[in-house]
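*Asks:* Going by our numbering, the sequence shown runs without a break in its numbering and finishes at 991.
We put the beta carbon where it would ideally sit given N, CA and C, even for glycine.
The structure's right below; bear with me while I get my questions together.
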Amino acid sequence: MRKADMYIIRVRGVVQGVGFRPSVARAAASMEASGYVRNDGSHVTIACDMEPARFMEGLLPHLGPMARVEDWSFEEVDGELEGPFRILPSVEGEMDSPLPPDTAICDRCLRELTDRADRRFLYPFTNCTDCGARYTVIDSLPYDRQRTSMKDFPMCSRCQGEYSDQGSRRFHAQTISCPDCGPRYRFLGSDLEVRAEGWDSFLECARSLKGGGRLIVKGWGGMHIICDPANLGSLREWYGRPYKPFALMARDLSFVESAAHLPDSARKALISPARPIVLLKKRDDAPGWVRSAMEMASPGLDSIGIYLPYSGIHHLLFRALGSVGADLPWIVMTSANPPGEPMALDVGEASKLGADGYLVHDRRISARCDDSVLVSDPFGDGVIAREGPFSIRGFPVRKARGLVPDPLEVPHGRKILSFGAERNVTVTVTREGRAYTSPYVGNTRHPEVVDYTLDSAGRFMYLFGAGDVEAVACDLHPRYETVKIAREMADERSVPLIRIQHHRAHAASLMVGSAVEGMGVIVVDGVGYGDDGLPWGGEIFHASWEDIDRVGHLQYFGLPGGDASVYHPERIAHWLSMEAGSDLDIGDEKVRSILAASHSGAVRTSSMGRLLDALSALLLGVTWRSYDGEPAMRLESLLSRAREPEIELFSLPVRGREVDVVGRWRILLEELFVNGSPKIGDRSGDRRSADLAMGMVRSIISDMVEVGMKGVDDNEGKMGISGGVAYDIPILEAFVEEVKARGMTPVLHSRVPPGDGGISVGQAALAGRML
Numbered sequence: 221m222r223k224a225d226m227y228i229i230r231v232r233g234v235v236q237g238v239g240f241r242p243s244v245a246r247a248a249a250s251m252e253a254s255g256y257v258r259n260d261g262s263h264v265t266i267a268c269d270m271e272p273a274r275f276m277e278g279l280l281p282h283l284g285p286m287a288r289v290e291d292w293s294f295e296e297v298d299g300e301l302e303g304p305f306r307i308l309p310s311v312e313g314e315m316d317s318p319l320p321p322d323t324a325i326c327d328r329c330l331r332e333l334t335d336r337a338d339r340r341f342l343y344p345f346t347n348c349t350d351c352g353a354r355y356t357v358i359d360s361l362p363y364d365r366q367r368t369s370m371k372d373f374p375m376c377s378r379c380q381g382e383y384s385d386q387g388s389r390r391f392h393a394q395t396i397s398c399p400d401c402g403p404r405y406r407f408l409g410s411d412l413e414v415r416a417e418g419w420d421s422f423l424e425c426a427r428s429l430k431g432g433g434r435l436i437v438k439g440w441g442g443m444h445i446i447c448d449p450a451n452l453g454s455l456r457e458w459y460g461r462p463y464k465p466f467a468l469m470a471r472d473l474s475f476v477e478s479a480a481h482l483p484d485s486a487r488k489a490l491i492s493p494a495r496p497i498v499l500l501k502k503r504d505d506a507p508g509w510v511r512s513a514m515e516m517a518s519p520g521l522d523s524i525g526i527y528l529p530y531s532g533i534h535h536l537l538f539r540a541l542g543s544v545g546a547d548l549p550w551i552v553m554t555s556a557n558p559p560g561e562p563m564a565l566d567v568g569e570a571s572k573l574g575a576d577g578y579l580v581h582d583r584r585i586s587a588r589c590d591d592s593v594l595v596s597d598p599f600g601d602g603v604i605a606r607e608g609p610f611s612i613r614g615f616p617v618r619k620a621r622g623l624v625p626d627p628l629e630v631p632h633g634r635k636i637l638s639f640g641a642e643r644n645v646t647v648t649v650t651r652e653g654r655a656y657t658s659p660y661v662g663n664t665r666h667p668e669v670v671d672y673t674l675d676s677a678g679r680f681m682y683l684f685g686a687g688d689v690e691a692v693a694c695d696l697h698p699r700y701e702t703v704k705i706a707r708e709m710a711d712e713r714s715v716p717l718i719r720i721q722h723h724r725a726h727a728a729s730l731m732v733g734s735a736v737e738g739m740g741v742i743v744v745d746g747v748g749y750g751d752d753g754l755p756w757g758g759e760i761f762h763a764s765w766e767d768i769d770r771v772g773h774l775q776y777f778g779l780p781g782g783d784a785s786v787y788h789p790e791r792i793a794h795w796l797s798m799e800a801g802s803d804l805d806i807g808d809e810k811v812r813s814i815l816a817a818s819h820s821g822a823v824r825t826s827s828m829g830r831l832l833d834a835l836s837a838l839l840l841g842v843t844w845r846s847y848d849g850e851p852a853m854r855l856e857s858l859l860s861r862a863r864e865p866e867i868e869l870f871s872l873p874v875r876g877r878e879v880d881v882v883g884r885w886r887i888l889l890e891e892l893f894v895n896g897s898p899k900i901g902d903r904s905g906d907r908r909s910a911d912l913a914m915g916m917v918r919s920i921i922s923d924m925v926e927v928g929m930k931g932v933d934d935n936e937g938k939m940g941i942s943g944g945v946a947y948d949i950p951i952l953e954a955f956v957e958e959v960k961a962r963g964m965t966p967v968l969h970s971r972v973p974p975g976d977g978g979i980s981v982g983q984a985a986l987a988g989r990m991l
């Protein structure tokens with residue numbers, strides 16, 4: 221024992237659940253420092269007898285890939301230190317430390333998994349301090365085994381030895397386990413009776429897949445439906461999803477390269493620890509059977525969602541397929557959602573689907589977490605788009621496993637709870653200048669998703685120390701379930717309810733995600749309740765944290781039948797054609813006459829998304845939306861085939877704040893149907909249709925950018941784009957080119973989804989400024 225000055229260092233960031241304390245202990249030993257390290261809920265405390273800056277500099281090389289130091293502070297105190305350096309038990313306190321995300325199995329653990337001489341050979345839960353499930357096993361903080369779902373599995377003596385060995389990469393690994401003491405897999409038949417256990421359960425699963433089975437697998441954050449891509453027709457009929465795109469999990473990167481175009485940003489995302497589903501452009505020169513499988517997986521689309529194995533479970537499944545003579549290079553893997561419900565967590569929920577078999581384990585899932593879906597960055601330099609976790613470049617369509625939680629700075633220090641919109645809902649809490657957003661929740665029109673929304677709100681308020689929220693934020697729409705939830709929660713807590721207009725929340729989410737304040741923003745979206753009570757969706761703003769001012773919008777046009785036109789987009793096409801002086805043949809004379817009679821009474825909208833739906837109906841014959849976004853996604857594939865967009869043809873003067881829609885529709889009809897009456901789907905997506913459609917869309921984006929530029933003196937030459945249509949690559953490319961052509965810098969989403977998954981972030985940021 222010796223007397224010494226003692227320094228107390230407090231470290232914040234992703235420092236719990238990532239092997240941070242073992243890294244500190246190893247670094248201290250290498251620097252011959254005395255002291256201790258301890259989890260303190262909101263941070264990690266280090267006590268040492270070394271000058272803090274020198275200690276922190278020596279620590280950084282020892283940190284694992286999941287750890288991230290955001291800031292640290294210190295104070296000098298008198299104290300007594302005993303060597304050697306120790307890891308002390310955690311102390312409960314206020315909790316606002318970022319939770320680590322689930323990350324893919326690391327190379328060293330994967331080698332153990334496939335090494336016959338290793339005691340974890342073929343053990344699906346193999347992990348270490350650098351990898352594995354984290355977010356989905358954590359019940360509470362500070363992060364220790366007894367506060368996770370691993371508390372149900374006491375360590376055996378050999379795991380305890382590794383846990384206590386400072387030289388082991390499982391030193392203080394809270395999720396450590398092995399075949400002797402950890403969770404186990406079983407395969408259940410369609411009658412839920414056990415058919416096999418352990419490795420045999422994977423072999424039985426593989427045999428069922430080989431035989432055409434439609435199976436359900438329990439993973440880290442929920443249940444997945446799997447099948448051989450050759451049996452997608454049967455799966456679609458059974459699951460009731462005739463056209464909805466399904467993701468494919470490929471065995472390895474080389475097969476992905478043979479099936480889809482793989483730019484560098486997409487490659488990095490695919491192999492990153494986050495392992496998201498990445499949307500890739502299908503290769504026209506892929507083998508015929510591969511092209512056929514991709515068309516079955518995403519009918520009528522040029523893109524396909526593919527991801528790589530991220531857990532030991534997946535690697536063993538592919539190994540088992542090879543062992544039973546079904547050497548499949550990929551399998552269908554999509555979330556198992558009973559109708560109207562969120563992703564199933566256990567076999568009790570999943571069995572409602574009536575699968576042919578179930579590969580399940582006995583570890584409780586602490587938090588539901590779907591797979592992330594990402595569009596990799598196609599633009600490179602010249603745009604403002606921040607890197608995401610693990611240096612991923614791109615924007616999330618769905619931000620969940622591997623990318624959540626991802627704390628972001630907001631322009632206030634208030635405690636706010638926000639609930640998003642209605643579809644693609646997420647929940648956000650803010651505390652001390654940071655926003656924490658839940659994984660994707662779902663569509664709150666369904667009661668089960670409402671319950672999940674409330675669970676997510678409670679979990680995040682608890683985990684991040686925001687139970688005493690100062691306000692609750694929600695959408696303007698009077699009939700959203702999230703508005704009802706928010707109002708009840710605000711009343712229960714006697715705090716203000718702050719209503720945020722939908723598209724202003726989109727603009728604010730872009731400012732948060734890009735860390736840019738003060739810019740023009742165009743929001744191209746489906747629909748959101750506007751200040752005037754009408755459904756907006758093609759909006760132009762001057763945005764700053766002081767005000768988000770609507771300076772322009774698309775010309776209002778009709779939605780015949782209101783919400784019914786969302787599912788029957790030919791009705792919108794008919795309205796636009798009538799307004800343009802033509803009578804569009806939609807193939808149903810009765811509906812056609814009803815639409816004509818009710819033309820003047822149709823609800824008006826400024827929605828870019830609904831305009832794209834109408835184009836999809838006119839040009840591709842899409843007259844029924846079977847899943848969210850289908851018409852616009854089908855149109856995106858057509859737009860991507862344009863080679864000579866006829867932009868000048870659609871050049872029209874801007875009438876004040878309004879960008880012309882009907883005039884451009886009239887031009888489109890005149891060019892498409894020179895020798896006959898306009899008819900739905902009559903051009904069936906031919907080459908001229910693609911050039912005309914892209915010309916019309918490009919001219920609209922050009923005018924929106926032009927309006928957004930006017931009168932903005934303090935935006936430092938920046939123009940951003942947000943909303944659900946901002947996933948559309950041809951439209952994003954048009955936006956980037958138009959902004960750059962005017963000498964400005966485009967600002968794109970990266971850390972926050974452009975669609976409604978980012979709404980809660982914008983709501984929380986704005987609400988805190990309004991208190």
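Considering only residues of the same chain and omitting the five flanking positions on each side of G352, which have a CB-CB separation below 6 Å?
*Replies:* The answer, listed in chain order, is T395.
*Asks:* What does a CB cutoff of less than 7 Å around K223 pick up in its chain, not counting 5 residues either side in sequence?
*Replies:* Caution applies to K223, whose pLDDT of 46 falls short of 50 and renders its modelled position unreliable; the value that the coordinates give is listed next. Hits under 7 Å: E300.
*Asks:* I'd like to know if R962 contacts chain B, where contact means its C-beta is closer than 7 Å to some C-beta of that chain.
*Replies:* Protein chain content of the structure displayed is limited to a single chain, and chain B is not contained in it.
*Asks:* Give the straight-line distance between the Cα atoms of S871 and M990, rounded to the nearest whole angstrom.
*Replies:* Going from the Cα of S871 to the Cα of M990 covers about 40 Å.
*Asks:* Under 8 Å by Cβ, that's how I've got G944 and G733 pegged, so tell me the actual separation to the nearest angstrom.
*Replies:* Not really, about 15 Å apart at Cβ, beyond 8 Å.
*Asks:* According to DSSP, is R222 helix, strand or coil?
*Replies:* Any answer about R222 is weak, because its pLDDT of 45 lies below 50 and its placement is not dependable; what the coordinates show is given next. The answer is strand: DSSP assigns R222 an E or B state.
*Asks:* Report the three-state DSSP secondary structure of K438 (helix, strand or coil).
*Replies:* Strand, per DSSP.
*Asks:* I'd like the list of long-range same chain contacts for Y1010, defined as Cβ closer than 6 Å, with 5 residues on each side in sequence excluded.
*Replies:* Because the chain here runs from 221 to 991, residue 1010 falls outside it and cannot be looked at.
*Asks:* Less than 7 Å separating the beta-carbons of P493 and F610?
*Replies:* Yes, they are a contact pair.
*Asks:* In whole angstroms, what separates the C-alpha of A540 from that of I445?
*Replies:* Near 17 Å, if we compare the C-alpha coordinates of I445 and A540.
*Asks:* Residues bridged to K422 by DSSP?
*Replies:* This sequence places Phe at residue 422; Lys is not what is there. DSSP, once it has assigned bridges, lists no residue as partnering F422.
*Asks:* Could you compute how far the alpha carbon of A249 sits from the alpha carbon of S592?
*Replies:* If I take the Cα positions, the gap works out to 39 Å.
*Asks:* Could you check if P362 is buried or exposed, using at least 16 other CB atoms within 10 Å of its CB as the buried criterion?
*Replies:* Looking at its Cβ environment, which holds 16 or more other Cβ atoms inside 10 Å, P362 is buried.
*Asks:* In this structure, does DSSP put L468 in helix, strand or coil?
*Replies:* Correct three-state label for L468: strand.
*Asks:* Tell me whether G748 sits in a helix, a strand or coil according to DSSP, three-state version.
*Replies:* Three-state DSSP puts G748 in a strand.
*Asks:* Look at the alpha carbon of I307 and the alpha carbon of M270, and state the distance between them as a whole number of angstroms.
*Replies:* Approximately 17 Å, taken between the alpha carbons.
*Asks:* So, is L859 buried or exposed, given that buried needs 16 or more other C-beta atoms within 10 angstroms?
*Replies:* Under this definition L859 is a buried residue.
*Asks:* Would you identify the three-state DSSP class for K619, choosing helix, strand or coil?
*Replies:* Of the three classes helix, strand and coil, the one that applies to K619 here is coil, per DSSP.
*Asks:* Do you know how far the Cα of L537 is from the Cα of G387?
*Replies:* Their backbone Cα atoms lie some 32 Å apart in a straight line.
*Asks:* On the DSSP bridge list, what partners appear for V670?
*Replies:* None, per the DSSP bridge assignment.
*Asks:* Decide if W509 is buried, meaning its Cβ has at least 16 other Cβ atoms within 10 Å, or exposed.
*Replies:* Burial call: exposed.
*Asks:* Is the beta carbon of Y530 less than 7 Å from the beta carbon of A706?
*Replies:* Result no, Cβ atoms of Y530 and A706 do not sit closer than 7 Å.
*Asks:* What is the DSSP secondary structure of I806, reduced to helix, strand or coil?
*Replies:* In the structure shown, I806 sits in coil (DSSP, three-state: anything other than H, G, I, E or B).
*Asks:* To the nearest angstrom, how far is the alpha carbon of F275 from that of R288?
*Replies:* Roughly 16 Å separates the two Cα atoms.
*Asks:* Closest to L683 by CA distance: which of M709, H722, P698, P625 is it?
*Replies:* For the residues M709, H722, P698, P625, the minimum Cα distance to L683 belongs to P625.
*Asks:* Tell me whether A380 is buried or exposed, calling it buried when 16 or more other Cβ atoms sit within 10 Å of its Cβ.
*Replies:* Before going on, a small fix: residue 380 reads as Gln here, not Ala. With fewer than 16 Cβ atoms within 10 Å of its Cβ, Q380 is classed as exposed.
*Asks:* If you check the beta carbons only, do H581 and P374 fall under 7 Å apart?
*Replies:* It is not a contact, given that the beta carbons lie outside the stated cut-off.
*Asks:* Can you list, in chain order, the residues of its chain with a C-beta nearer than 6 Å to that of L473? Leave out the 5 residues immediately preceding and following it.
*Replies:* Here the set comprises nothing.
*Asks:* So the candidates are D411, H282, E864, L528; which of them puts its Cα closest to the Cα of M914?
*Replies:* When only C-alpha atoms are compared, the closest one is E864.
*Asks:* Run through DSSP, which three-state label would F777 get?
*Replies:* Residue state, collapsed to three classes: strand.
*Asks:* Using the C-alpha atoms, what's the distance from P873 back to Y660?
*Replies:* Distance between the alpha carbons of Y660 and P873: 41 Å.
*Asks:* Per DSSP, A513 forms a beta bridge with which residues?
*Replies:* DSSP, once it has assigned bridges, lists no residue as partnering A513.
*Asks:* Considering only the beta carbon of each residue, do R618 and C589 sit closer than 7 Å?
*Replies:* Not in contact: R618 and C589 (Cβ atoms no closer than 7 Å).
*Asks:* Using a Cβ-Cβ cut-off of 8 Å (strictly less than) and excluding sequence neighbours within five positions of I792, which residues of its own chain qualify?
*Replies:* Excluding positions up to five away in sequence, the list reads F777, G778, L779, P780, S785, R830, L831, D833, A834, A837.
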